[in-house]
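Chemist:
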Amino acid sequence: MELVFQFSIILLITFLGEVLRALIPLPIPAGIYGLILLFICLKTGLIPLHKIKKASDFMLSAMPVMFIGPCVGFMDICQEQGIAILYISLIAMVTTVLTMAVTGCSAQAVIRRGKERRHD
(Lines of atoms letter the chains of each structure in order from A and count residues from 1; the text may use other names and numbers.)
(Lines give C-alpha, C1' and ligand atoms only; values in the text may rest on other atoms or scores of the structure.)
Protein backbone atom coordinates (compact mmCIF):
# COMPACT_ATOMS: atom_id res chain seq x y z
CA MET A 1 0.00 0.00 0.00
CA GLU A 2 2.89 2.33 0.77
CA LEU A 3 4.28 1.82 -2.73
CA VAL A 4 0.92 2.73 -4.28
CA PHE A 5 0.82 5.94 -2.23
CA GLN A 6 4.36 6.84 -3.32
CA PHE A 7 3.53 6.19 -6.98
CA SER A 8 0.43 8.35 -6.54
CA ILE A 9 2.57 11.27 -5.38
CA ILE A 10 4.88 10.89 -8.38
CA LEU A 11 1.92 10.61 -10.76
CA LEU A 12 0.35 13.73 -9.23
CA ILE A 13 3.57 15.69 -9.83
CA THR A 14 3.66 14.34 -13.40
CA PHE A 15 0.05 15.40 -13.95
CA LEU A 16 0.79 18.88 -12.59
CA GLY A 17 3.66 19.07 -15.10
CA GLU A 18 1.17 18.31 -17.88
CA VAL A 19 -1.16 21.04 -16.57
CA LEU A 20 1.70 23.57 -16.49
CA ARG A 21 2.66 22.68 -20.06
CA ALA A 22 -0.91 23.35 -21.16
CA LEU A 23 -1.06 26.67 -19.29
CA ILE A 24 2.39 28.09 -20.06
CA PRO A 25 2.96 28.81 -23.77
CA LEU A 26 6.62 27.77 -23.85
CA PRO A 27 8.09 24.91 -25.90
CA ILE A 28 9.12 22.97 -22.78
CA PRO A 29 8.09 19.32 -22.36
CA ALA A 30 5.71 18.45 -19.54
CA GLY A 31 8.30 16.10 -18.06
CA ILE A 32 10.66 19.00 -17.47
CA TYR A 33 7.94 20.93 -15.66
CA GLY A 34 7.27 17.83 -13.57
CA LEU A 35 10.95 17.42 -12.71
CA ILE A 36 11.22 21.06 -11.69
CA LEU A 37 8.09 20.75 -9.54
CA LEU A 38 9.42 17.61 -7.87
CA PHE A 39 12.79 19.27 -7.27
CA ILE A 40 11.14 22.30 -5.69
CA CYS A 41 8.90 20.11 -3.52
CA LEU A 42 11.86 18.06 -2.34
CA LYS A 43 14.08 21.08 -1.67
CA THR A 44 11.41 22.98 0.27
CA GLY A 45 10.44 19.89 2.25
CA LEU A 46 6.89 19.95 0.95
CA ILE A 47 7.45 16.32 -0.03
CA PRO A 48 10.00 14.56 2.19
CA LEU A 49 12.31 12.20 0.34
CA HIS A 50 11.20 9.17 2.35
CA LYS A 51 7.65 9.69 0.99
CA ILE A 52 8.76 8.74 -2.55
CA LYS A 53 12.02 6.83 -1.95
CA LYS A 54 10.79 3.25 -2.49
CA ALA A 55 8.80 4.08 -5.63
CA SER A 56 11.66 6.07 -7.15
CA ASP A 57 14.17 3.30 -6.35
CA PHE A 58 11.85 0.80 -8.05
CA MET A 59 11.55 2.98 -11.15
CA LEU A 60 15.33 3.45 -11.29
CA SER A 61 15.88 -0.30 -11.04
CA ALA A 62 13.43 -0.90 -13.91
CA MET A 63 14.84 1.85 -16.13
CA PRO A 64 17.43 -0.29 -18.00
CA VAL A 65 14.59 -2.50 -19.28
CA MET A 66 13.13 0.57 -21.01
CA PHE A 67 16.22 0.82 -23.25
CA ILE A 68 15.79 -2.66 -24.75
CA GLY A 69 13.09 -1.63 -27.27
CA PRO A 70 14.91 1.41 -28.67
CA CYS A 71 18.17 -0.55 -28.90
CA VAL A 72 16.51 -3.36 -30.86
CA GLY A 73 14.86 -0.79 -33.12
CA PHE A 74 18.21 0.91 -33.71
CA MET A 75 19.80 -2.45 -34.57
CA ASP A 76 17.04 -3.09 -37.12
CA ILE A 77 17.61 0.31 -38.68
CA CYS A 78 21.36 -0.36 -38.84
CA GLN A 79 20.78 -3.62 -40.69
CA GLU A 80 18.43 -1.99 -43.19
CA GLN A 81 20.32 1.26 -43.67
CA GLY A 82 23.86 0.13 -42.79
CA ILE A 83 25.81 1.86 -45.57
CA ALA A 84 23.76 5.06 -45.27
CA ILE A 85 24.49 5.26 -41.54
CA LEU A 86 28.20 4.77 -42.31
CA TYR A 87 28.13 7.65 -44.80
CA ILE A 88 26.18 9.90 -42.43
CA SER A 89 28.62 9.18 -39.60
CA LEU A 90 31.59 9.87 -41.86
CA ILE A 91 30.08 13.15 -43.06
CA ALA A 92 29.33 14.19 -39.47
CA MET A 93 32.92 13.50 -38.38
CA VAL A 94 34.51 15.29 -41.34
CA THR A 95 32.30 18.36 -41.00
CA THR A 96 32.95 18.49 -37.25
CA VAL A 97 36.72 18.48 -37.81
CA LEU A 98 36.41 21.11 -40.56
CA THR A 99 34.24 23.33 -38.36
CA MET A 100 36.74 23.08 -35.52
CA ALA A 101 39.64 23.92 -37.85
CA VAL A 102 37.89 26.93 -39.40
CA THR A 103 36.85 28.19 -35.96
CA GLY A 104 40.40 27.84 -34.65
CA CYS A 105 41.91 29.64 -37.66
CA SER A 106 39.34 32.43 -37.38
CA ALA A 107 40.05 32.88 -33.68
CA GLN A 108 43.80 33.02 -34.31
CA ALA A 109 43.30 35.61 -37.07
CA VAL A 110 41.19 37.79 -34.75
CA ILE A 111 43.83 37.53 -32.02
CA ARG A 112 46.61 38.45 -34.48
CA ARG A 113 44.69 41.51 -35.71
CA GLY A 114 44.10 42.60 -32.14
CA LYS A 115 47.82 42.37 -31.37
CA GLU A 116 48.73 44.27 -34.58
CA ARG A 117 46.34 47.10 -33.71
CA ARG A 118 47.82 47.44 -30.23
CA HIS A 119 51.35 47.73 -31.65
CA ASP A 120 50.34 50.40 -34.19
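Going letter by letter, the sequence shown gives residues 303 to 422 in this note's numbering. Just so you know, even glycine gets a beta-carbon here, dropped at the ideal spot from N, CA and C.
From M395 to F376, what distance separates their C-alpha atoms?
Modeler: So the alpha carbons of these two residues sit roughly 20 Å apart.
Chemist: Ordered along the chain, which non-local residues of its own chain (more than five positions away) have a Cβ less than 8 Å from that of I330?
Modeler: R323, listed in sequence order.
Chemist: Let me know if I379 comes out buried or exposed under the rule of 16 or more other beta-carbons within 10 Å of its beta-carbon.
Modeler: Label assigned to I379: exposed.
Chemist: Where do the N-terminal and C-terminal ends of the alpha helix (DSSP H) with K353 fall, by residue?
Modeler: Here K353 belongs to no alpha helix (DSSP H), and DSSP marks it neither H nor E.
Chemist: Which word fits I385, buried or exposed, when buried means at least 16 other C-beta atoms lie within 10 angstroms of its C-beta?
Modeler: Exposed is the call here.
Chemist: Using 8 Å as the threshold, is the segment 331 to 342 in touch with the segment 309 to 319, meaning 3 or more CB pairs across them?
Modeler: The segment 331 to 342 is in contact with the segment 309 to 319.
Chemist: Apply the 10 Å Cβ neighbour rule to I326 and answer buried if 16 or more other Cβ atoms are within range, or exposed otherwise.
Modeler: Looking at its Cβ environment, which holds fewer than 16 other Cβ atoms inside 10 Å, I326 is exposed.
Chemist: Alpha helix (DSSP H) containing P372: first to last residue?
Modeler: It spans 370 to 382 - the alpha helix (DSSP H) in which P372 sits, taken as one unbroken run.
Chemist: Short of 6 Å in beta carbon distance, which residues of its chain neighbour A364, apart from the five on each side in sequence? Order them along the chain.
Modeler: Answer for A364: no residue qualifies.
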